[in-house]
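Take a look at the structure set out below.
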Amino acid sequence: MAATRARVDQSAWNLECSAAVSTTKLEAALKKVSSQAAQYEHHMKDLESKLAESLSNFRAIDSLLQEAFSGLRRNTQRADQALGKQVSHITQELDSSMESLTQLAEDLPTIQTQVADIRKVYDSGRKKAQFLVTDLTWLNTEFYERWRLIIFTSSSPVSWRWKALMRFFFAVSFIAFVWLTWITVWGGYRGYRAGTVWGERLMS
């Protein structure tokens with residue numbers, strides 16, 4: 000009887016111990032589950048805020064896209080209208096320009112010939128004007144200066160025959176002058192010597 004009672008008490012104690020152990024495990028599991036639930040709740044709130052922010056950004060982007068699409072549609076309509084109105088005008092302008100270029104290409108050889116003729120006339124007139132200025136300058140030069148330029152330089156505007164003739168006359172005149180000067184000096188010297196001799200004779 001006592002043994003049976005001891006067995007019963009042992010069984011009851013084992014049940015209480017197992018109940019205490021299971022309650023502790025249950026509390027620990029409950030705490031762990033509560034902590035995970037709080038973390039999940041926190042993550043859910045973060046996801047909810049991020050989703051709200053993304054939704055707001057999506058709405059803003061959608062609004063910008065709608066505005067851009069509307070602007071593109073308006074610009075496309077304007078471009079189509081301008082294209083329909085301006086293409087014919089541009090085509091007419093191009094046709095007119097092509098006609099003008101064709102006419103200019105046909106007239107260009109004639110214009111070049113006329114320009115060449117005008118250039119020849121201009122060059123001829125310029126040369127004649129230069130010759131005229133040179134002749135007037137030569138005519139306004141004094142006789143002595145002209146004579147000097149003809150004889151001693153090659154820049155005088157006269158023919159080579161006239162230069163040769165003037166230089167020949169100058170050479171003849173120079174030789175005659177030197178010859179007369181020599182005769183005069185030699186005659187004076189001889190007269191001086193003769194006077195000196197006659198004076199010495201008269202003194203003696």
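End of the sequence shown sits at 203 in numbering that gives the first Met the number 0; the numbers just go up one at a time, nothing left out.
Just so you know, even glycine gets a beta-carbon here, dropped at the ideal spot from N, CA and C.
In this text the structure is predicted, and so the values were computed from the model without any measurement.
Please tell me whether residue i and residue j are closer than 8 Å, where the distance is taken between their beta carbons.
i: Ser-155; j: Leu-148; result: yes
Three-state secondary structure (DSSP) at residue i?
i: Ser-123; result: helix
i: Thr-244; result: Not covered by the structure: residue 244. The range shown for the chain is 0 to 203.
i: Glu-141; result: coil
i: Ser-204; result: The requested residue 204 does not occur in the structure, where the chain is confined to residues 0 to 203.
i: Thr-152; result: coil
i: Val-114; result: helix
i: Ser-96; result: helix
i: Val-157; result: coil
i: Gly-187; result: helix
Kindly give me the distance between the Cβ atoms of residue i and residue j, rounded to whole angstroms, as I take these residues to be in contact under 8 Å.
i: Phe-169; j: Ile-150; result: 5 Å
i: Arg-145; j: Trp-137; result: 7 Å
Beta strand (DSSP E) segments (min. 3 residues) lying fully within the segment 32-75: none
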